[in-house]
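Since the structure comes first, as structure tokens, the remarks are kept for the end.
Protein chains: 2
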Amino acid sequence: MPTIEDVAAAARVSKTTVSHVLSGKRPVAAATQAKVRRVIEELGFRPSALARGLTSARSHTVALMVPDVTNPFYPALARGLQDAVRDAGLLVLLADVGNSGAQERAFLIEAIERRVDGLVLSSFQLTPADLEPAVRAGLDIISVGPQLAGARADVVSADDHQIGADAVDHLADRGHTRIATIAGPAEAQPGAGRLEGFRKQMKARGLRVPESRVVEADFTRAGGRVAMERLLKARTRPTAVVCANDLMAIGALDAARAAGLDVPGDLAVIGVDDIDAAALVSPALTTVRVPAREIGHAAGRLLVDRIDGALPAARRTVLVAHDLIQRETT
Amino acid sequence: MPTIEDVAAAARVSKTTVSHVLSGKRPVAAATQAKVRRVIEELGFRPSALARGLTSARSHTVALMVPDVTNPFYPALARGLQDAVRDAGLLVLLADVGNSGAQERAFLIEAIERRVDGLVLSSFQLTPADLEPAVRAGLDIISVGPQLAGARADVVSADDHQIGADAVDHLADRGHTRIATIAGPAEAQPGAGRLEGFRKQMKARGLRVPESRVVEADFTRAGGRVAMERLLKARTRPTAVVCANDLMAIGALDAARAAGLDVPGDLAVIGVDDIDAAALVSPALTTVRVPAREIGHAAGRLLVDRIDGALPAARRTVLVAHDLIQRETT
DNA sequence: TCAATTGCGCAAACCGGTTTGCTGAGTCCT
DNA sequence: AGGACTCAGCAAACCGGTTTGCGCAATTGA
Numbered sequence: 001m002p003t004i005e006d007v008a009a010a011a012r013v014s015k016t017t018v019s020h021v022l023s024g025k026r027p028v029a030a031a032t033q034a035k036v037r038r039v040i041e042e043l044g045f046r047p048s049a050l051a052r053g054l055t056s057a058r059s060h061t062v063a064l065m066v067p068d069v070t071n072p073f074y075p076a077l078a079r080g081l082q083d084a085v086r087d088a089g090l091l092v093l094l095a096d097v098g099n100s101g102a103q104e105r106a107f108l109i110e111a112i113e114r115r116v117d118g119l120v121l122s123s124f125q126l127t128p129a130d131l132e133p134a135v136r137a138g139l140d141i142i143s144v145g146p147q148l149a150g151a152r153a154d155v156v157s158a159d160d161h162q163i164g165a166d167a168v169d170h171l172a173d174r175g176h177t178r179i180a181t182i183a184g185p186a187e188a189q190p191g192a193g194r195l196e197g198f199r200k201q202m203k204a205r206g207l208r209v210p211e212s213r214v215v216e217a218d219f220t221r222a223g224g225r226v227a228m229e230r231l232l233k234a235r236t237r238p239t240a241v242v243c244a245n246d247l248m249a250i251g252a253l254d255a256a257r258a259a260g261l262d263v264p265g266d267l268a269v270i271g272v273d274d275i276d277a278a279a280l281v282s283p284a285l286t287t288v289r290v291p292a293r294e295i296g297h298a299a300g301r302l303l304v305d306r307i308d309g310a311l312p313a314a315r316r317t318v319l320v321a322h323d324l325i326q327r328e329t330t
Numbered sequence: 331m332p333t334i335e336d337v338a339a340a341a342r343v344s345k346t347t348v349s350h351v352l353s354g355k356r357p358v359a360a361a362t363q364a365k366v367r368r369v370i371e372e373l374g375f376r377p378s379a380l381a382r383g384l385t386s387a388r389s390h391t392v393a394l395m396v397p398d399v400t401n402p403f404y405p406a407l408a409r410g411l412q413d414a415v416r417d418a419g420l421l422v423l424l425a426d427v428g429n430s431g432a433q434e435r436a437f438l439i440e441a442i443e444r445r446v447d448g449l450v451l452s453s454f455q456l457t458p459a460d461l462e463p464a465v466r467a468g469l470d471i472i473s474v475g476p477q478l479a480g481a482r483a484d485v486v487s488a489d490d491h492q493i494g495a496d497a498v499d500h501l502a503d504r505g506h507t508r509i510a511t512i513a514g515p516a517e518a519q520p521g522a523g524r525l526e527g528f529r530k531q532m533k534a535r536g537l538r539v540p541e542s543r544v545v546e547a548d549f550t551r552a553g554g555r556v557a558m559e560r561l562l563k564a565r566t567r568p569t570a571v572v573c574a575n576d577l578m579a580i581g582a583l584d585a586a587r588a589a590g591l592d593v594p595g596d597l598a599v600i601g602v603d604d605i606d607a608a609a610l611v612s613p614a615l616t617t618v619r620v621p622a623r624e625i626g627h628a629a630g631r632l633l634v635d636r637i638d639g640a641l642p643a644a645r646r647t648v649l650v651a652h653d654l655i656q657r658e659t660t
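If you read the sequences in order, they're chains A and B.
First residue of the first sequence? That's 1 in this note's numbering, and the numbers climb one at a time after it.
First residue of the second sequence? That's 331 in this note's numbering, and the numbers climb one at a time after it.
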């Protein structure tokens, strides 16, 4: 690869001049510019972003940390994020860290060392304290989900609490009283918020929630299936179940089918997210739509503003609207 | 952020010594090491990957370019890729470039300037000539799909030709003769290969393929639906359709349902990919499974070997196995 | 006519690491 | 006792850009 020095030599100017031609930060005579540009073209010179970043201490990169890229929620989020930051010249560094706290922390360090400009994370394991090094390193952090709220990070999230409550209302309005829930893993943020909203709204509507009707699972189809099987073993079966995401809801449908139950006759099911698959399963899944792409987009916009220093120091919380989409499982 | 110089000063050694403690490339006395490490800890020093990359001319990053992250095929591929390269210390820079050739080329330039170590791309628009600058820049390139085969890139791909042929066999074996196909966009590689395989096998089995039974669409559900509607307008309707991917096949099912057709009675449908949704639609979609994650993994392994210089110069082609999964639409 | 200004370009320092060559002190061998 | 060798650490050069201060020539203003 030719360097700026090679270009300077071939064009018989100093590398300062080449730099100015590229950046436009100081005027360069038209003739000189033309000559330099021609040489750049001939040599196929491409300035090194590494070298550039060294002086500016910026990498023009934002890191995105997610627990599972194959959960369709996250690609949609990634897409929104990318589209929001691209115009600012930022590219997305993607990390799927699974549910491993160790991997999350390892990636955090990586992000710091790479001098990433910003960080968007949807984390299940991280605590605010874990973010400390990143904050000290000057990274702007956006947490998707309220888990990492506080002085350290902005938050872009759905209103998980309200989502849980809305799901309860939807089912209770249809006469259900024995409503169970398949929550996410205890550490997982969105699940926790939805569970809390579920509990509170059940209480508000005078419905009891025995602990046997609350089971945890990881956010996968298989997890939902296993959890549903457990719920179905109870002496008095629930007539409806609120699942903390669609993947688990689809797993719950698997279990219901295997048990020979009619949905929604014997069992009503509601999910959260509205991934594409929700509309495809049969019966089609009623769900609370969480606009993943918008969340990513909002996170990106917020991040760009932060990086530009255009925002006051106080951290923000952006809640995006969800809506309930009734299909055939309720 | 403290620099290596700050650490050196605080530990009363030269920065050379700090560097050696970090890299282990030259021996450092145990006592000195301990002192340096303590200071690093106290200061929270994290070496800048930018500065490091400047000397090594490596960024420890691989770029992944895809046409649509929200197509579930690609997240799976991304996951496999990440898992394969992580142990080599590489992170994945993701770009969703849509179907825009301009964006593809722009990202290619970005990747070069960032001195990315390797490039994995699934491109519809790029020609081998477009890769020239990247090759000259010394990037190792893996093409997912054979489009960019040649002296410039390794290839990891499914055997698209055979996939098309297998789909034809599956339908012909079941007695279909009026078989249509919904191909991908003409420029799109995987679609072209599958279409070719489709045509050849139809001929081999003595079946005619009037041009009205070949329609193009982009690789989306909406595209598939529109294409299917067109096919259904023909005077003699096809009794079966081969779709170049699952998303389009699902769109075709939408159209069939809208037209009041029974699947597979009036119309058999087969897709390609086996995304999660394929098993979820009703009736469940028969499809040719293409192991996206394995493809990503193979690409990652190949890339790491290339970067390590462990491979002879000759480019490789890795074909991954597909298999036909019969469900309910045939 | 002479000082002040402007336009253009260069040299040198800097960003934060890595790498190379060298030196002084201590150890081993003859 | 003297040479060869090892060990530990340092200074300086280097990677490829950006930024700052300065000099020279031509233009402007009084």
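Backbone N, C-alpha and C fix where the C-beta goes; we use that ideal spot for every residue, glycine too.
As the structure is a computational prediction, the values presented were derived from the model and not from experiment.
Under the DSSP definition of a beta bridge, A/A95 partners with A/M65.
According to the DSSP assignment, B/V539 belongs to no alpha helix (DSSP H), since it is labelled neither H nor E.
Here A/A111 is buried, its C-beta having at least 16 other C-beta atoms within 10 Å. Using beta-carbon distances, B/D606 counts as an interface residue toward chain A, with a partner under 8 Å.
Closest option to A/P238, judged by alpha-carbon separation, among A/G118, A/T177, A/A158 and A/A151: A/T177. Contacts with chain A at 8 Å (Cβ-Cβ) include B/E440. Within chain B, no C-beta atom comes less than 9 Å from the C-beta of A/V156; the nearest is roughly 19 Å away. In the structure shown, B/E462 falls within a helical segment according to DSSP collapsed to helix, strand and coil. Annotated three-state conformation of A/S122 is coil, per DSSP. The beta carbons of A/A234 and A/I179 sit no closer together than 8 Å. Runs of the alpha helix (DSSP H) spanning 4 or more residues and lying entirely within the segment 465–533 of chain B occur at 490–503, in chain order. In this structure, the beta-carbon distance from A/V85 to A/V69 does not fall below 8 Å. Residue contact with chain B for A/D117: absent (no Cβ-Cβ distance below 8 Å to any residue of chain B).
One thing to note: B/A582 has its Cβ within 8 Å of the Cβ of B/I512. For the segment 379–402 of chain B, the set of positions with a beta-carbon nearer than 7 Å to some beta-carbon of chain A reads A379, L380, A381, G383, L384, S389, V399, T400 and P402 in chain order. The beta carbons of B/V450 and B/V474 sit closer together than 8 Å. Look at A/G251 here: in three-state DSSP terms it is helix.
Beta-bridge pairing by DSSP links A/R58 to no other residue. Taking all protein chains shown into account, A/P291 has 16 or more neighbouring C-beta atoms within 10 Å of its C-beta and is therefore buried.
Nearest Cα to B/T550 within the set B/E559, B/I439 and B/A579: B/A579.
In this structure, the straight-line span from the alpha carbon of A/A76 to that of A/G193 is close to 21 Å.
At a cut-off of 8 Å between beta carbons, B/P568 makes no contact with chain A.
CA-to-CA, the gap between A/L232 and A/L148 works out to about 35 Å. When DSSP reads this structure, B/D603 sits in a beta bridge with B/R619.
Taking B/P515 as reference, the option from B/A547, B/D499, B/K530 and B/D484 with the minimal CA-CA separation is B/A547. Per the Cβ contact rule, the segment 483–494 of chain B is in contact with the segment 638–648 of chain B (3 or more Cβ pairs under 8 Å). In terms of Cβ geometry, A/V39 and A/V7 form a close pair [threshold 8 Å]. One finds G374 in chain B with Cβ atoms closer than 7 Å to the Cβ of A/P133, taken in chain order.
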